[in-house]
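Written below as structure tokens is the structure these notes are about.
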């Protein structure tokens with residue numbers, strides 16, 4: 002078990018104070034951290050209605066543009082440099098920050114996203130992206146993807162194993178799956194939530 006900074010409240014990454022303790026434990030072998038002693042917001046409508054506030058903080062445009070450029074750089078360093086992408090899927094795409102970076106690198110590629118937040122879907126669609134509104138398991142896809150990526154989402158889902166196993170049904174024959182998540186060995190905003 003990890004210590005609870007407060008016995009009655011904790012703060013989400015979107016700066017929302019919720020009336021419950023942190024309630025997290027960390028695996029001593031791999032560092033994976035998970036909420037185990039508190040209500041999990043993934044079982045509520047939090048991501049649909051409230052998580053967009055994360056993207057609406059002061060100076061967020063400048064911050065996210067630089068942040069997602071680095072995230073995409075990191076992902077591409079771990080992919081065959083000769084890889085060609087026809088169809089790309091961003092699972093948990095938010096307002097499309099990573100999609101913007103991919104579009105700069107692969108301008109002729111079809112880039113689509115999945116996002117549960119009503120507000121974030123609207124913003125990403127206004128940028129011209131095809132966004133599937135909802136959670137991954139709720140959506141019926143019609144194509145296969147050469148690249149499926151998910152940045153800092155797996156720690157928010159209710160069943161990480163099921164979430165990741167859904168990816169293989171969407172992947173083209175030689176497709177690539179990239180998943181990033183916060184490093185549990187170092188303190189960061191995700192661990193403090």
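In this note's numbering, the protein residues as written are 2 to 194.
For each residue, glycine too, the CB sits at the ideal point set by N, CA and C.
(request) Please report how far the alpha carbon of residue 126 lies from the alpha carbon of residue 119, in whole angstroms. (result) Taking the first residue of the chain shown as position 1, residue 126 is located at position 125. Taking the first residue of the chain shown as position 1, residue 119 is located at position 118. So the alpha carbons of these two residues sit roughly 11 Å apart.
(request) Could you check the C-alpha separation between residue 115 and residue 149 for me, to the nearest Å? (result) Here residue 115 is taken as the residue at index 114 of the chain shown, counted from 1. Here residue 149 is taken as the residue at index 148 of the chain shown, counted from 1. Roughly 11 Å between the two C-alpha positions.
(request) Could you tell me the distance, in whole angstroms, from the CA atom of residue 76 to the CA atom of residue 179? (result) For the purposes of this step, residue 76 is taken as residue 75 along the chain shown, with counting starting at 1. For the purposes of this step, residue 179 is taken as residue 178 along the chain shown, with counting starting at 1. In a straight line, the C-alpha of residue 76 is about 7 Å away from that of residue 179.
(message) Please classify residue 91 as buried or exposed, where buried requires at least 16 other C-beta atoms within 10 Å of its C-beta.
(response) Position 90 of the chain shown, counted from the first residue, corresponds to residue 91. Buried is the call here.
(request) Reducing DSSP to helix, strand and coil, say where residue 171 ends up. (result) For the purposes of this step, residue 171 is taken as residue 170 along the chain shown, with counting starting at 1. Helix.
(request) Tell me residue 34's beta-bridge partners as DSSP assigns them. (result) By one-based count along the chain shown, residue 34 stands at place 33. Its beta-bridge partners are 27.
(message) Which residue wins for smallest C-alpha separation from residue 135, given the options 71, 94 and 20?
(response) Within the chain shown, residue 135 is the residue found at index 134, counting from 1. The option with the nearest alpha carbon to residue 135 is 94.
(request) Taking only beta-carbon positions, decide if residue 89 is within less than 7 Å of chain C. (result) Going by chain labels, chain C is absent from the structure shown, which holds only one protein chain.
(request) List the DSSP bridge partners of residue 152. (result) In the chain shown, the residue the question calls residue 152 occupies position 151. Answer is 181.
(request) Quick one: give me the first and last residue of the beta strand (DSSP E) that residue 116 is part of. (result) For this step, residue 116 is matched to residue 115 along the chain shown. Note, residue 116: beta strand (DSSP E), 111-116.
(request) Work out the CA separation of residue 130 and residue 101 for me, nearest whole Å. (result) The sequence position of residue 101 within the chain shown is 100, counting from 1. The sequence position of residue 130 within the chain shown is 129, counting from 1. The alpha-carbon atoms of residue 101 and residue 130 are separated by roughly 9 Å.
(request) To the nearest angstrom, report how far apart residue 25 and residue 3 are at their CA atoms. (result) Working through the chain shown from its first residue, we reach residue 25 at position 24. Working through the chain shown from its first residue, we reach residue 3 at position 2. Cα to Cα, the separation comes out at about 6 Å.
(message) Rounded to the nearest angstrom, what separates residue 88 and residue 110 at their Cα positions?
(response) Within the chain shown, numbered from 1, the residue matching residue 88 stands at position 87. Within the chain shown, numbered from 1, the residue matching residue 110 stands at position 109. Taking the straight line from one Cα to the other gives about 6 Å.
(request) Indicate whether residue 72 and residue 121 have their beta-carbon atoms separated by less than 7 Å. (result) Looking up residue 72 in the chain shown gives position 71. Looking up residue 121 in the chain shown gives position 120. The answer is no: Cβ separation not under 7 Å.
(request) Could you tell me which residues DSSP pairs with residue 73 in its beta bridges? (result) In the chain shown, counting from the first residue as 1, residue 73 sits at position 72. Answer is none; residue 73 lacks a bridge partner.
(message) Considering just the uninterrupted stretch of the beta strand (DSSP E) at residue 90, what are its terminal residues?
(response) Your numbering for residue 90 matches position 89 in the chain shown. First-last of the beta strand (DSSP E) with residue 90: 88-92.
(request) Can you give me the Cβ contacts of residue 19 inside the same chain, cut-off strictly under 8 Å, excluding the 5 residues immediately before and after it? (result) Position 18 of the chain shown, counting from 1, holds the residue named residue 19. Taken in chain order, the residues that qualify are 10, 11, 12, 13 and 42.
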